[in-house]
Amino acid sequence: NDSEFKDMNVVIVGNGRSAIEATLAAGQVAKETGGTPPVQLVRHAQWYFPQYLMGLHFKYVFYSRIGGAMLPRYYFDNSTFSKLLHAIALPIKFIFWRLVELAFILQHRLP
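Per my numbering, residue 390 is the first one in the sequence shown, and the count goes up by one each step.
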C-alpha cells in the first residue's frame with residue numbers, strides 16, 4: 390500500500406522484483422508529498438533492461454547476429470578484409486547504440 394510510505398524515511402534492502410516495486414512506490418509517494426526519496430541497499434549493482442524496447446522484444450534486437458555484430462569484438466582477426474569491414478562498421482555501430490540510447494530516453498521519459 391503506497392500510503393505506508395507517507396511521512397517516512399524509507400530504506401529498502403534487496404534487489405528483487407518486490408524491492409524494486411517498493412522503491413518505485415516509495416519514490417512516487419516522496420515525489421508527490423515532497424518527502425525524502427527512498428534508499429535501496431543492494432549487495433551488487435545490476436543493470437536492468439526492459440523486456441520491450443520501443444515495441445520490440447529485446448531478444449530480437451540483441452540476441453541476433455546483427456545485435457552480436459554491434460558489440461565489441463572479443464577476438465582479433467588481423468586480416469585486411471576483417472580490418473576493413475570493422476572500420477566500415479564503426480559508424481553503423483555508433484548510430485545503432487545512439488538509437489538504443491534515444492529509445493531508452495523516449496520510452497522511459499528520461500531527462
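We treat Cβ as the ideally placed atom computed from N, Cα and C, and that holds for glycine.
Note to self: Quick check for students: name the residue ranges of the beta strand (DSSP E) that lie wholly in the region 395 to 467, counting only runs of 3 or more.
What the structure shows: Counting only runs of at least 3 residues, the region 395 to 467 fully encloses the following beta strand (DSSP E) elements, listed from N- to C-terminal order: 400 to 402, 428 to 430.
Next item on the list: Taking Leu-430 and Val-400 to be in contact with their CB atoms under 8 Å, please state how far apart those CB atoms are, rounded to whole angstroms.
Entry: In this structure, Leu-430 and Val-400 form a Cβ contact; the two beta carbons are roughly 6 Å apart against a cut-off of 8 Å.
Note to self: Can you look up Leu-499 in the DSSP assignment and give me helix, strand or coil?
What the structure shows: Here Leu-499 sits in coil by DSSP.
Notebook entry, point to check: In or out: Pro-427 buried (at least 16 other Cβ within 10 Å) or exposed?
Noted result: Flag for Pro-427 reads buried.
Note to self: Output needed for Leu-460: all residues of its chain with C-beta closer than 6 Å, excluding positions within five of it in sequence on either side, in chain order.
What the structure shows: Cβ neighbours of Leu-460 beyond the five flanking positions: none.
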